[in-house]
Each structure stands twice: as structure tokens, then as C-alpha cells.
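Protein chains in written order, with the working numbering: chain L, 489 to 604; chain F, 1307 to 1451. Inspection log for the structure reproduced underneath, given as C-alpha cells.
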């Protein structure tokens, strides 16, 4: 069942993005930013954890999960360290996404040749 | 020929983007990526005894590696122009944006090229993600306690 949910939610999020992209003048950069903010908002409303529980990878593989992880990191930081934890914990949970993207991009940029 | 007629003619000959087909392709691609991801996550949970959070973290790493690798091979750009948001909204899009900007500016040098423009495309995701999450978290602390 979780496979079907993953397919439907992942497809729905991408469909929504494509409809916005095709019918407005927004660029892909706008779309990914909008979905990140939307993820943080859904996490704030306690909806995103529910989506992850129901449809697994359909929610965790999308860019909106980035906003969710940022929000959750900040809240976890607050629980552990108080006010200052909001800032010190913000990036903890999505550290893997940023670190791995930077490292892989750097390595591949060094060893591969750009194609035109 | 007056202006209205001309506009009509222009409209007739402008190639129509098939929005329905593009939306359908985005739906199928995004769904398929999420489905494959869920299969990988389930395999990690069953065979390697990971809990769900661990498996999704590994899945994130695998997705970013795949996106970055395919971009550096050069044919991911063609796929993106065909499949649109189906590839851009999953985390592959994040890896793609960083890798493609890194490859583009490589010729300008390590610091002035790579260093300066590394986050040219992905920067907005980081910026608005951090800003919105920070202020929402403050709001959340005030509201939920």
C-alpha cells in the first residue's frame, strides 16, 4: 500500500510543479524554492510527518522534505538547547543533503568534462 | 492585413506546447522515482535491518549521488527538458542544479569560477528554506510551546 501512496504523492507533487511551471512565467528555480517553503509550512502545521508516515519515499524524496527537515532540526534544537538551539539545530537534519550534494558535485566537476 | 488578423495568424502558427502531455509525463516520472525510492527504502529496512529514518537518509544519499552522476555524464539535461518537474522536484533536481552550475563555471578557475558560482542555482532553495524554516520555527515555539 505504501508503494501506491508513494507513487501517487510523488506524482501529485511533480504534477503540481509542472502545472505551475507551464502556466506562469516562473522558472524551475522559483518552483523548487516555493516547494521548499511549502514543505516547511506543512511541517509547521504537523502535516508533513503524517505524509511521510503514509507515503514514505513519496514525501522524503521531494525537495519539500528539505523545508521539513530544516523546520524539524530547528525544533529539535530548541528542545535540546533552548532559544539558541533554533539556530544551531536548524541545519543538523538536512546536513546530509547539503554535504553530499556539495561533495559529489565538486568531485564530478573536477573529473568530468562539461558537454555542450 | 490589419492587426487583429495578424495576431490571429501568429497564434495559429505558434507551436502549441502540449501542456496536458507534459503534466502527465511529470506525474508519471515523479511517481516512478518515488516508487523506486520506496522499493530501495524497503530493501534497506528488510535486508540491512535499518529503521525508517536511517533508510530514508541512505535513500537521500543514493538519490543525490544518482542525480549528480547522471548530470556529470551530460544526458540529464535532455531528460529534464523533456520530463520537466518530474525530475526537478525530487532531490535529483537539487543535485542536478549544483552539479550543472559547477560544470558550467569550471573553466573560470577553482575560486573565481567554482567557488563563486557553486550555489548559483541551488542558492535560492537554501536561502528561502532557511529563512522560512527559521521564522516558522520561532512561530512554532511561541504557539506550541
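Note that CB positions come from ideal geometry on N, CA and C, so glycine has one too.
Using the C-alpha atoms, what's the distance from residue 540/L back to residue 1446/F? Each residue's alpha carbon lies about 20 Å from the other.
Please report the straight-line C-alpha distance between residue 1402/F and residue 1368/F, rounded to a whole angstrom. Taken atom to atom, the span from the alpha-carbon of residue 1402/F to that of residue 1368/F is near 13 Å.
List the residues that DSSP assigns as beta-bridge partners of residue 1396/F. In the DSSP assignment, residue 1396/F is bridged to 550/L.
Out of 1340/F, 1309/F, 1324/F, which has the shortest C-alpha to C-alpha gap to residue 502/L? 1340/F
Return the residues of the region 518 to 536 of chain L that lie within a Cβ-Cβ distance of less than 7 Å from chain F, sorted by chain order. 519, 520, 521, 523, 524, 525, 528, 529, 532
Simplified DSSP assignment, three categories, for residue 538/L: helix
Under 9 Å between beta-carbons, which chain F residues line up against residue 539/L? List them in chain order, please. Within 9 Å Cβ-Cβ: nothing; residue 539/L doesn't reach chain F, min ~12 Å.
Using a beta-carbon distance below 8 Å, is residue 576/L in contact with chain F? no
Helix, strand or coil at residue 1358/F according to DSSP, with G and I counted as helix: helix
Three or more C-beta pairs closer than 8 Å, one from the region 1374 to 1388 of chain F and one from the region 1414 to 1427 of chain F: is that the case here? no
Are the C-beta atoms of residue 1316/F and some chain L residue less than 8 Å apart? no
If you pair each beta-carbon of the region 493 to 507 of chain L with each one of the region 545 to 556 of chain L, do three or more pairs fall below 8 Å? yes
Using a C-beta to C-beta distance shorter than 8 Å, which residues of chain L count as neighbours of residue 1427/F? 517
For residue 576/L and residue 1408/F, what's the separation of their Cα atoms in angstroms? 28 Å
Using beta carbons (cut-off 8 Å, strictly below), is residue 1430/F in contact with chain L? Chain L, which has a Cβ nearer than 8 Å to the Cβ of residue 1430/F, makes this yes.
Go to residue 1384/F, then tell me how far its alpha helix (DSSP H) extends in each direction, as first and last residue. Taken as a continuous stretch (DSSP letters only), the alpha helix (DSSP H) holding residue 1384/F covers 1382 to 1389.
Can you round the beta-carbon distance between residue 520/L and residue 1399/F to whole angstroms, since I take them to be within the 8 Å contact cut? 6 Å
Would you say residue 514/L reaches chain F, if we count a Cβ-Cβ gap shorter than 8 Å as a contact? no
Contact set between the region 1339 to 1355 of chain F and chain L, restricted to residues whose Cβ is under 9 Å from the partner: 1339, 1340, 1341, 1342, 1343, 1344, 1345, 1346, 1347, 1348
Any beta carbon of chain L sitting closer than 8 Å to that of residue 1387/F? no
With distance defined between alpha-carbon atoms, name the residue in 556/L, 524/L, 583/L nearest to residue 537/L. 556/L
Is it right to say residue 1344/F is buried, meaning 16 or more other beta carbons lie within 10 angstroms of its own, or is it exposed? buried
Inter-residue Cα distance where the pair is residue 566/L and residue 574/L: 5 Å
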